[in-house]
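Only one structure is covered here, and it is reproduced in the block below.
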Amino acid sequence: MSISLIFSVTIYNTTTSEVNDRLRQLQMHLERPTVPIDEDGNPINPRYTAFRDDQRDRANKNILLALVYVNLLILVGGGAMSYALARRTLSQIEEVHDRQSRFTSDASHELRTPLAVMKTELEVALRDPKLSKDEMRELLESNLEEVNKLTRLSQMLLQLSKGEHAKLEREPVNITKIVEDVARRYDPSGERIDLKSIHKNLLVHGNLSSIEELVTILIDNALKYSPSDSLVTVRVSKRNNKACVETINTGKGISADDLPKIFDRFYRADSSRTNGEKAGYGLGLSLAKQIVQLHSGELNASSAPGHATTFTVLLPILSNKKA
Numbered sequence: 612m613s614i615s616l617i618f619s620v621t622i623y624n625t626t627t628s629e630v631n632d633r634l635r636q637l638q639m640h641l642e643r644p645t646v647p648i649d650e651d652g653n654p655i656n657p658r659y660t661a662f663r664d665d666q667r668d669r670a671n672k673n674i675l676l677a678l679v680y681v682n683l684l685i686l687v688g689g690g691a692m693s694y695a696l697a698r699r700t701l702s703q704i705e706e707v708h709d710r711q712s713r714f715t716s717d718a719s720h721e722l723r724t725p726l727a728v729m730k731t732e733l734e735v736a737l738r739d740p741k742l743s744k745d746e747m748r749e750l751l752e753s754n755l756e757e758v759n760k761l762t763r764l765s766q767m768l769l770q771l772s773k774g775e776h777a778k779l780e781r782e783p784v785n786i787t788k789i790v791e792d793v794a795r796r797y798d799p800s801g802e803r804i805d806l807k808s809i810h811k812n813l814l815v816h817g818n819l820s821s822i823e824e825l826v827t828i829l830i831d832n833a834l835k836y837s838p839s840d841s842l843v844t845v846r847v848s849k850r851n852n853k854a855c856v857e858t859i860n861t862g863k864g865i866s867a868d869d870l871p872k873i874f875d876r877f878y879r880a881d882s883s884r885t886n887g888e889k890a891g892y893g894l895g896l897s898l899a900k901q902i903v904q905l906h907s908g909e910l911n912a913s914s915a916p917g918h919a920t921t922f923t924v925l926l927p928i929l930s931n932k933k934a
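Mapped onto this note's numbering, the consecutive letters of the sequence shown carry residue numbers 612 to 934.
The following block contains the structure:
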């Protein structure tokens, strides 16, 4: 606003000076040569002098009013725009803060659960003086399982945290081979996974470890949320100049209410959808979504209760220039 006022004063002084000069020149042009003038060249005729002063005052007043209106407009418009921008910025900051608070709260809860299980088991064991060797072994195995879960959770939290501002090292990656390797690792006998690599040696420009993690999450999720005697279909193909990876599994499906939320951190749908195994922490699909976004790709899901669930990943294929 101060800058606007400085410019207004400058414009006002310059404009009024110009008006005075123009009026004086006009008056001198219209006056007869016989009209006396003073030493500055101004006519002494009172009638013309009064006319000139009146026109000058009118012009000065109009200019001043115009500048006042312009400054008021700048003040109101600038204030409204500043308020809108500040509100928009603060809303984004508030959203990030709320999301971070929810994330911290959920992470704390997930970390506290296995610790509480371990604490309870150890307390019960300490109170039992007749604890057998087999029972002690069972207790240690249970504690080790909880430690492994905590390790996996901390790793995923770290990956999510790093991924928000990650700059991935990229290289040509054979996504077909990655899918085949991960599928073989989960199902060495080939009884549960029906692998359909329609397009062999499909290359994408990405980070090898991240894409391996992405494929692992999708296949693990498909196996976890389908009956143990069912078949999971995994396809690798080329679609619209993009590498397409699909996982299709049968099961209870995902409801329309849950489907938009499955990529949210720590969100878990009905636990009865699992094949008897304990559900995860609700971080896998969130991490998968983040990996896909870092590779400028798309991750979509389609499902309905009682129907097959399909996850589709689309990643830009490696162009000849990058190859």
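Glycine included, every Cβ here is placed at the ideal spot set by N, Cα and C. Computed from a prediction, not measured in an experiment: that's the story for all the values here.
Cross-strand partners of residue i (DSSP beta bridge)
i      : result
Glu857 : Arg846, Thr923
Val679 : For Val679, which the question treats as bridged, DSSP gives no partner whatsoever.
Gly817 : Glu782
Asn812 : Its beta-bridge partners do not exist; DSSP assigns none.
Leu910 : Val924
Lys807 : Arg846
Nearest-angstrom Cβ-Cβ length linking residue i and residue j, presumed shorter than 8 Å
i      : j      : result
Leu761 : Pro725 : 5 Å
Val793 : Ala854 : That belief does not hold up - the Cβ atoms of Val793 and Ala854 are roughly 15 Å apart, past 8 Å.
Gly895 : Ile830 : Not a contact, Cβ separation roughly 11 Å.
Gly864 : Thr920 : 6 Å
Ile928 : Asn832 : Rounded, the Cβ-Cβ distance is 24 Å, inconsistent with contact.
Endpoints, the alpha helix (DSSP H) within which residue i is located
i      : result
Ala794 : 786-797
Glu780 : Premise fails: Glu780 is in no alpha helix (DSSP H) and is neither H nor E.
Ala899 : 895-905
Residue j beta carbon less than 8 Å from that of residue i
i      : j      : result
Val856 : Val924 : yes
Leu819 : Val903 : no
Thr787 : Lys807 : no
Val847 : Thr858 : no
Asn860 : Ser837 : yes
Gly893 : Arg876 : yes
Ile873 : Ile822 : no
Gly817 : Leu898 : no
Leu764 : Leu733 : no
Asp870 : Ser914 : Looking at the sequence shown, residue 870 is not Asp but Leu. Yes; because the gap between Cβ atoms is below 8 Å, this pair is in contact.
Leu750 : Ala736 : yes
Arg803 : Leu834 : yes
Proximity test, residue i beta-carbon vs the ligand NAD heavy atom, cut-off 7 Å
i      : result
Asp798 : For the structure depicted, the ligand NAD is absent and the ligand set is empty, with no information on it obtainable.
Check your understanding: So does the stretch 748-758 actually touch the stretch 780-789, counting three or more Cβ pairs closer than 8 Å?
Key -> no
**Study point:** At least 3 beta-carbon pairs within less than 8 Å: the stretch 889-908 vs the stretch 793-802
**Key:** Contact fails: fewer than three Cβ-Cβ distances are below 8 Å.
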